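Numbering (the numbering used here), first residue to last: 133 to 639. Yeah, the Cβ is synthetic: ideal placement off N, Cα and C, and Gly gets one too. Bear in mind the structure is a predicted one, so any value in this text is a computation, not a measurement.
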DNA sequence: GGGCCCGCAGGG
DNA sequence: CCCTGCGGGCCC
């Protein structure tokens, strides 16, 4: 082997910059400090034991090519490295699984097993954070606890000791000889993990699935502006914390179970200052768009703010126009002029799905709905649940085709603009003749898909209950996207910085 | 009150 | 990544 005075790592293409050959994985060493890959064959000095490869420092980082591998200075990166090596060494995993686990490690995100664990247990999350075995990154199997308070699987720990190590793999404290020779399983921890796992599986099977927005806890209680938002005020604000625990694709009312803060749910008639605040209570999540939905799944909510002239609002029922058909190029973000036909696609299709399936749609009204007497005086108000009785396309008053929807109120709470004359009784629907007159093509076909139960006080699904599961892939995609976005966002401005910024603004 | 402009959020 | 979106503040 030629020993040039300059040692070089592998380049971006994976090829060794010295011999130009792309070494196989087993001939590649990754520096535990800078994570750069190096071709073992071209190294002047190689680590001698498996253990020392785990904490190997490259010539660039060690500053001395002959320096023997020593205690890592950067605990986190070396832990990551150890964990990745552990994954790679695990023969029970396929290459695909290994790749996924590595990805999870690097991204700091652990996917829920089987895809059915979306009702994640916060208890277990906390455990995941603090109790994981530093070697395999899983909840420890037969956990042993060092005097310094770190937990490992018995097997992982024994393997480590077998390599001649006498320090804690997490904090580098010395492991007492007695513990090294005879590690004891921490039985308290065993039962804690068992209980947590049990509660997790119960939560996954139970009817109450609580969903937490990723990184939601990092958000302040009020809307905030980021560094990039240049003007003061809320025009460019990012929204604050979401207070309710319903998933973004939750249909129907938001009940007390999903309102941990107040334990009352979002009440019909509840008002907020603006769309950003409305979003925080989950009634309508998009802070500009009028329709919340997914074209292959349904629409969860709409916002009325009087954007279309031929919309009609009669309180108990109203006509709604779909989105699109307007030229929004340049900065005309809210151009009112139609310039082409709307089609049943994207959000319009989402509304159509909700119509066909009979899903309930939450409705919020904004004070901007100037032509309507049902609009709130100011801010945004939650007006309960409607169903879309019919949807169709017609030529709008601007000469282009628009998607139209007939919304009919079907909430068992009284509307905010009425006295509760019906008490606990189901609220009667608007007279069909009245609707027919207004829509001129309205015809009622079948009975609605959902209704109230015998007592008239609870939801009951007659035909098409709202999907209990999230749409395949779509939800996962969404979570993944959020995560990636959150990561990107946190790079731009850390949570701490953001909070500080909000704090400064208040002063 | 209308136009302009900004950036966030999320679907696709 | 790109595009869209019934916000919201500010300036005229």
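Cβ-Cβ distance between residue i and residue j below 8 Å
| i | j | result |
| --- | --- | --- |
| residue 493 | residue 514 | no |
| residue 189 | residue 142 | no |
| residue 500 | residue 438 | yes |
| residue 519 | residue 540 | yes |
| residue 423 | residue 415 | no |
| residue 412 | residue 373 | yes |
| residue 385 | residue 512 | no |
| residue 286 | residue 298 | no |
| residue 355 | residue 361 | no |
| residue 435 | residue 407 | yes |
| residue 148 | residue 156 | no |
| residue 262 | residue 301 | no |
| residue 150 | residue 161 | no |
| residue 449 | residue 506 | no |
| residue 543 | residue 398 | no |
| residue 425 | residue 482 | yes |
| residue 218 | residue 268 | yes |
| residue 552 | residue 546 | yes |
| residue 429 | residue 599 | yes |
Residue i classed as buried or exposed, judged by whether at least 16 other C-beta atoms fall within 10 angstroms
| i | result |
| --- | --- |
| residue 371 | buried |
| residue 353 | exposed |
| residue 381 | buried |
| residue 221 | exposed |
| residue 202 | Its pLDDT being 29, under 50, residue 202 is placed unreliably in this model, and the coordinates cannot settle the point. |
| residue 488 | exposed |
| residue 467 | exposed |
| residue 460 | exposed |
| residue 176 | exposed |
| residue 307 | buried |
| residue 402 | buried |
| residue 278 | buried |
| residue 376 | buried |
| residue 198 | Any reading at residue 198 needs caution, since the residue's pLDDT is 34, under 50, leaving its predicted position unreliable; the model's value is listed next. Under this definition residue 198 is an exposed residue. |
| residue 504 | buried |
| residue 537 | buried |
| residue 246 | Confidence in residue 246 is poor, its pLDDT being 38 and thus under 50, which makes the residue's placement too unreliable to answer from. |
| residue 472 | exposed |
| residue 420 | exposed |
| residue 510 | exposed |
| residue 152 | exposed |
| residue 441 | exposed |
| residue 523 | buried |
| residue 577 | Low confidence applies to residue 577: its pLDDT is 42, below 50, so where it sits in the model is not reliable, and the reading given next is rough at best. Counting Cβ neighbours within 10 Å, residue 577 comes out exposed, since fewer than 16 surround it. |
| residue 725 | Nothing about residue 725 can be reported from this structure: the residues present for the chain run from 133 to 639 only. |
| residue 89 | For residue 89 there is no data in the structure shown, the boundaries of the chain being 133 and 639. |
| residue 470 | buried |
| residue 351 | buried |
| residue 338 | Interpretation of residue 338 is limited by its pLDDT of 41, a score under 50 that renders its predicted location unreliable; no figure is taken from the coordinates. |
| residue 305 | exposed |
| residue 528 | buried |
| residue 630 | Because residue 630 carries a pLDDT of 39, less than 50, the predicted location of this residue cannot be relied on, and the following value inherits that uncertainty. Residue 630 comes out buried. |
| residue 303 | exposed |
Residue i, enclosing alpha helix (DSSP H) - first and last residue
| i | result |
| --- | --- |
| residue 360 | Neither: residue 360 is in no alpha helix (DSSP H) and is coded neither H nor E. |
| residue 485 | 478-489 |
| residue 275 | First-last for residue 275: 275-277, but that is the beta strand (DSSP E), not the alpha helix (DSSP H). |
Cross-strand partners of residue i (DSSP beta bridge)
| i | result |
| --- | --- |
| residue 264 | BP columns for residue 264 are empty, so no partner. |
| residue 498 | 512 |
| residue 404 | 512 |
| residue 466 | According to DSSP, which records beta bridges pairwise, residue 466 is partnered with nothing at all. |
| residue 538 | 451, 522 |
| residue 178 | Bridge partners of residue 178: none, in fact. |
| residue 458 | 470 |
| residue 350 | BP columns for residue 350 are empty, so no partner. |
| residue 291 | The partner list for residue 291 (beta bridge, DSSP) is empty, contrary to what the question assumes. |
| residue 493 | 518 |
Beta strand (DSSP E) segment containing residue i, residue limits
| i | result |
| --- | --- |
| residue 435 | 430-436 |
| residue 475 | No beta strand (DSSP E) contains residue 475, which DSSP labels as neither H nor E. |
| residue 522 | 512-527 |
| residue 426 | 423-426 |
| residue 309 | Here residue 309 belongs to no beta strand (DSSP E); instead the alpha helix (DSSP H) covers 309-313. |
| residue 285 | 283-285 |
| residue 546 | From DSSP, residue 546 is part of no beta strand (DSSP E); its letter is neither H nor E. |
| residue 162 | 160-162 |
| residue 453 | 449-453 |
| residue 169 | 169-171 |
Legend entry - Contact the stretch 449-457 vs the stretch 469-476: 3+ CB pairs below 8 Å: When C-beta atoms of the stretch 449-457 are compared with those of the stretch 469-476, three or more pairs fall below 8 Å, so the two segments count as touching.
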